[in-house]
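Student: Residue numbers (the working numbering), protein chains in the order written: chain A, 1101 to 1216; chain B, 1101 to 1216.
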DNA sequence: TAAGTGTATAAGTATTATCTTATACAGATC
DNA sequence: GATCTGTATAAGATAATACTTATACACTTA
């Protein structure tokens, strides 16, 4: 996995924005289809297009899914994807960010190449 | 905690960059003071000033600590801070990103305000 | 079919990031 | 003190983000 760290950076970057965190929080903490895009925009205090663009970022990494209902669009969190990313983050912290457990004998380390 | 989500966004943003993830990875997976700033720059394939600037971002959120040795500077990971952030991320995923466990009775939810 | 509602995309602007080179600064060594 | 090594900061170029308004698009309803 050559670009694993690159993918992780992309995911973390998508989450590294206040508005986008709030979008996830709003969608997660309410029943499905409680708020459409315009509702969310209002809660964020930004325009509807700006909101759509933030949603697009989260959709691109698979965290959000589109559910069209007539001329409205509701977004839901793909919990599986989010859980997968959480696992990746766990592993990143555990394996890449933690002191070497192989006494710096990199040839013995199974993670040597994964996070380069 | 009014800006908790804002702080989380800042931390995630600091981690949401390939070069910065690599800096952490390099520092974590080698013995202390193995590589100075210029060494890291070379490994990243960017200039020394660019590297210093990335380091500054990580230092600003407390993840890195400066250790001057003569005219060289070595950076080490503040594991406590990093562990703290990991806990925050865990909590973020568990509490803010997970379906409401209070049946959407927000007045009963202890996290109602924390992630707004 | 025409009008209405809501969303995505286009286009443009402002802000922020990321890099570069040049230079100032800190400390070691001659 | 003068010079050397390495790092941080300054200044500036370029690119990427994040917003805005305008408009195209999808769908509903009269």
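Here a beta-carbon is modelled for each residue, glycine too, at the ideal position from N, C-alpha and C.
Can you list, in chain order, the residues of its chain whose CB lies under 8 Å from that of residue 1215 of chain A, leaving out five sequence neighbours each side?
Tutor: Here residue 1215 of chain A corresponds to residue number 115 of the first chain, with the count starting at 1. Note on residue 1215 of chain A: pLDDT 49, under 50, position unreliable in the model; no value is reported.
Student: Name the one or two DSSP bridge partners that residue 1167 of chain A has.
Tutor: On the first chain, position 67 is the one that residue 1167 of chain A refers to. Its beta-bridge partners are A/1174.
Student: Would you kindly report the start and end of the unbroken alpha helix (DSSP H) that includes residue 1147 of chain A?
Tutor: What you label residue 1147 of chain A is simply residue 47 of the first chain in a count that begins at 1. Careful: residue 1147 of chain A lies outside any alpha helix (DSSP H) and carries neither H nor E.
Student: Counting pairs of Cβ atoms below 8 Å between the region 1138-1147 of chain B and the region 1120-1131 of chain A, do you hit three or more?
Tutor: Flag = no, the region 1138-1147 of chain B and the region 1120-1131 of chain A do not touch.
Student: Give every residue of the same chain whose Cβ lies closer than 6 Å to the Cβ of residue 1157 of chain B, excluding the five residues on either side of it in the sequence, and list them in chain order.
Tutor: What you label residue 1157 of chain B is simply residue 57 of the second chain in a count that begins at 1. Counting only Cβ-Cβ distances below 6 Å, and skipping sequence neighbours, we find 1114.
Student: Just tell me which of A/1119, A/1107, A/1110, A/1108 has its CA closest to the CA of residue 1108 of chain B.
Tutor: Within the second chain, residue 1108 of chain B is the residue found at index 8, counting from 1. Considering only alpha carbons, the answer is A/1119.
Student: I want to see whether chain B comes within less than 7 Å of residue 1193 of chain A, judged by CB atoms only; does it?
Tutor: Locating residue 1193 of chain A in the first chain gives position 93, where the first residue counts as 1. Yes, because at least one Cβ of chain B sits closer than 7 Å to the Cβ of residue 1193 of chain A.
Student: Among the residues of its own chain, which have a CB less than 8 Å from the CB of residue 1173 of chain A, if the five just before and after it don't count?
Tutor: Indexing the first chain from 1 puts residue 1173 of chain A at position 73. So the list reads 1136, 1137, 1166, 1167, once near-sequence residues are dropped.
Student: Just the C-alpha distance for residue 1162 of chain A and residue 1199 of chain B, rounded to the nearest angstrom, thanks.
Tutor: Counting from 1 along the first chain, the entry for residue 1162 of chain A is found at position 62. Counting from 1 along the second chain, the entry for residue 1199 of chain B is found at position 99. Spanning the two alpha carbons is a distance of roughly 18 Å.
Student: What do you reckon, are the CB atoms on residue 1185 of chain A and residue 1155 of chain A nearer than 7 Å?
Tutor: The sequence position of residue 1185 of chain A within the first chain is 85, counting from 1. The sequence position of residue 1155 of chain A within the first chain is 55, counting from 1. Result no, Cβ atoms of residue 1185 of chain A and residue 1155 of chain A do not sit closer than 7 Å.
Student: Chain B beta carbons: is any one of them nearer than 7 Å to that of residue 1105 of chain A?
Tutor: By 1-based counting over the first chain, the position of residue 1105 of chain A is 5. Output row for residue 1105 of chain A: interface = yes.
Student: Is the CB of residue 1101 of chain A under 7 Å away from at least one CB in chain B?
Tutor: The sequence position of residue 1101 of chain A within the first chain is 1, counting from 1. With a pLDDT of 45 at residue 1101 of chain A, under the threshold of 50, the predicted position of this residue should be treated as unreliable, and no value is reported.
Student: Which residues in chain A have a C-beta closer than 7 Å to the C-beta of residue 1118 of chain B? List them in chain order.
Tutor: Counting from 1 along the second chain, the entry for residue 1118 of chain B is found at position 18. What residue 1118 of chain B touches in chain A: 1105, 1106, 1109.
Student: Given a limit of 8 Å on CB to CB distance, which residues of the region 1126-1147 of chain B reach chain A?
Tutor: Of all residues in the region 1126-1147 of chain B, 1128, 1129, 1130, 1131 have a Cβ within less than 8 Å of some Cβ in chain A.
Student: I need the straight-line Cα distance from residue 1110 of chain A to residue 1169 of chain A, nearest angstrom please.
Tutor: Here the question's residue 1110 of chain A lines up with position 10 in the first chain. Here the question's residue 1169 of chain A lines up with position 69 in the first chain. Near 30 Å, if we compare the C-alpha coordinates of residue 1169 of chain A and residue 1110 of chain A.
Student: Rounded to the nearest angstrom, what separates residue 1145 of chain B and residue 1151 of chain B at their Cα positions?
Tutor: As a first step, residue 1145 of chain B is located in the second chain; it is residue number 45 there, counting from the start. As a first step, residue 1151 of chain B is located in the second chain; it is residue number 51 there, counting from the start. Roughly 9 Å between the two C-alpha positions.
Student: Can you confirm whether residue 1171 of chain A, when its beta carbon is compared against all beta carbons of chain B, has any partner nearer than 7 Å?
Tutor: The sequence position of residue 1171 of chain A within the first chain is 71, counting from 1. Not one chain B Cβ lies under 7 Å of residue 1171 of chain A.
Student: Quick one: is residue 1155 of chain B near chain A, going by C-beta distance under 7 Å?
Tutor: To locate residue 1155 of chain B, count along the second chain from 1; it is residue 55. No, because no Cβ of chain A sits closer than 7 Å to the Cβ of residue 1155 of chain B.
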